[in-house]
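If you're matching positions, the sequence shown starts at 3 in this note's numbering and goes up one per residue.
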Amino acid sequence: LEDILTEARKLKASDLHLTANEFLTLRINGSLVRIKLLITQEQIDKMTDAILNEEQLKILQEAGEFDCAYLDDKGLSYRLHAAKSKGEIILSFRIIRANVPTCEELLLPEVVQGLANLKQGLVLVCGATGCGKSTTLAALIEKINNERKVHIVTLEDPIEYKYVNKKALIHQREVGSDTLSFASGLRSALRQDPDVILVGELRERETIAATLTAAETGHLVFATLHTNDVTGAMTRILDSFDEGSQLIRSQLAEVLEAIVCQELLLRADGNDRVANFEVLIATPALRSLIREGRTHQIASYLVTGRQQGMLTKAEHRNFLETQGII
């Protein structure tokens, strides 16, 4: 397993899949690549037994799936998903960068970097699975860590990047081992005197409600959503509650600071990918649209919001092209 993981990193893979009687499969620059190394079920079972403890193995057998963080012999991090397929175990590894990335390394636009300077409110980072949301958030948290004397509490499932305290004090909590759920972790976080809270994923109504409350009570909250654009993010939150709920619309309008949506594009040299961004800033006019339930107008508002620092994917893509990055 260690040799496989090392080779995957050399090839700059983002993911690694182990399936019995199949070649080792890597995802490189968004595409699946098969390596001529046949994997057996016996190998997978031995790897699983070596990685998971008895309690985790029991959960895998009963639930048919299990997620956790994994550290290799070199101390490098991975996000492991073990699952059953046709009664047999399969393993998928998400490869985490060796170091916490910087905003400069990720080429984050200035408007995105500026979100690390906010004192309170809600910032949503959205996009499809595997588009780099966690990496973008890690860079923003590290920027705060380098520049601000604040207390940061992160709620992650699982913990991916491990921060070293600099100017900030950071407490990282993993769902499942340090806290029961995102919602319970949020309630606990509010009693820890935090300035900044990171919520790994807004999965259900209870977590969304707790996140809005945290932002409403004077904290800066970063969270992720699995939506492809800013309108979808807004709809996802509002649809989690009673349709047309004026209370939730008002609460969201009050606390929202920005929605960042991203996708990954292949770099011009073909060796890596870079994020293409869409950024919606919560101006007074946008807050009115949310409060009045006119979310269908947000897409057109985004296009005309350049003076307020907003950014469309088309505009950012054009910038990346003119700079020769893609």
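Idealized CB from N, CA, C, for every residue including glycine. None of the values given here were measured: they were computed from a predicted structure.
Exposure label - residue i; buried when at least 16 CB within 10 Å
i: Glu-44; result: exposed
i: Asn-278; result: buried
i: His-19; result: buried
i: Thr-306; result: exposed
i: Leu-254; result: buried
i: Thr-138; result: buried
i: Gly-272; result: exposed
i: Cys-221; result: Here residue 221 is His; the residue named in the question, Cys, does not match the sequence. Burial call: buried.
i: Arg-275; result: buried
i: Leu-54; result: buried
i: Arg-96; result: buried
i: Ser-302; result: exposed
i: Gly-290; result: Note on residue identity: the sequence assigns Ser, not Gly, to residue 290. Ser-290 comes out exposed.
i: Asn-147; result: buried
i: Arg-324; result: Before going further, note that residue 324 is Thr rather than Arg in the sequence given. Exposed, since its Cβ has fewer than 16 Cβ neighbours within 10 Å.
i: Glu-56; result: exposed
Residue i to residue j span [Cα, whole Å]
i: Phe-184; j: Arg-205; result: 9 Å
i: Ile-172; j: Lys-151; result: 10 Å
i: Gln-310; j: Lys-38; result: 52 Å
i: Lys-86; j: Glu-256; result: 44 Å
i: Arg-269; j: Arg-193; result: 44 Å
i: Glu-112; j: Ala-141; result: 13 Å
i: Asn-230; j: Ala-211; result: 21 Å
i: Thr-50; j: Val-166; result: 30 Å
i: Leu-200; j: Arg-36; result: 36 Å
i: Tyr-80; j: Leu-26; result: 17 Å
i: Met-82; j: Pro-196; result: Here residue 82 turns out to be Leu, not Met, going by the sequence shown. Taking the straight line joining both Cα atoms gives about 29 Å.
i: Leu-3; j: Lys-121; result: 44 Å
i: Arg-308; j: Glu-176; result: 38 Å
i: Glu-218; j: Val-125; result: 12 Å
i: Ala-10; j: Asp-17; result: 8 Å
i: Asp-74; j: Leu-40; result: 21 Å
i: Glu-208; j: Ser-190; result: 14 Å
i: Arg-319; j: Asp-47; result: 44 Å
i: Thr-131; j: Lys-168; result: 30 Å
i: Lys-12; j: Ile-30; result: 11 Å
i: Leu-109; j: Leu-227; result: 21 Å
Of the listed residues the options, nearest to residue i (C-alpha basis)
i: Gly-234; options: His-221, Ile-300, Gln-253 and Gly-187; result: Ile-300
i: Lys-76; options: Arg-96, Leu-7, Glu-176 and Leu-120; result: Leu-7
i: Arg-251; options: Val-232, Ile-283 and Arg-296; result: Arg-296
i: Leu-117; options: Ala-225, Asp-274 and Thr-229; result: Ala-225
i: Lys-135; options: Thr-314, Val-262, Leu-214 and Phe-321; result: Val-262
i: Cys-335; options: Ile-239, Leu-93, Leu-62 and Arg-175; result: This structure cannot speak to residue 335, because the chain is shown only from 3 to 328.
i: Glu-294; options: Glu-57, Thr-314 and Leu-249; result: Leu-249
i: Asn-23; options: Thr-42, Ser-33 and Leu-13; result: Thr-42
i: Cys-133; options: Leu-108, Ile-327, Glu-265 and Ser-190; result: Glu-265
i: Ser-179; options: Lys-88, Ala-71 and Thr-21; result: Ala-71
i: Leu-93; options: Cys-105, Arg-99, Ala-52 and Gln-115; result: Ala-52
i: Tyr-163; options: Asp-69, Leu-288, Ile-98 and Met-236; result: Ile-98
i: Ala-15; options: Ala-65, Glu-64, Ala-100 and Gly-66; result: Ala-100
Supposed contact pair residue j and residue i - C-beta distance, whole angstroms, cut 8 Å
i: Leu-157; j: Gly-123; result: So it is not a contact: roughly 18 Å between Cβ atoms.
i: Glu-280; j: Leu-313; result: 6 Å
i: Glu-144; j: Val-102; result: 5 Å
i: Glu-203; j: Asp-159; result: 7 Å
i: Leu-2; j: Leu-322; result: Look at the range of the chain in this structure, 3 to 328, and you will see that residue 2 is not part of it.
Delimiting residues of the beta strand (DSSP E) encompassing residue i
i: Ala-85; result: 79–87
i: His-318; result: His-318 -> not in any beta strand (DSSP E); alpha helix (DSSP H) instead, spanning 315–324.
i: Gln-63; result: Note, Gln-63: premise wrong, no beta strand (DSSP E); alpha helix (DSSP H) at 56–65.
i: Ile-261; result: 258–268
i: Ser-94; result: 90–97
Host alpha helix (DSSP H) of residue i (start-end)
i: Glu-44; result: 43–53
i: Phe-184; result: 184–191
i: Glu-294; result: From DSSP, Glu-294 is part of no alpha helix (DSSP H); its letter is neither H nor E.
i: Ser-136; result: 135–149
i: Gln-115; result: 112–115
i: Ile-210; result: 207–218
i: Arg-275; result: Looking at the DSSP string, Arg-275 is not in any alpha helix (DSSP H); the run it does join, the beta strand (DSSP E), is 275–283.
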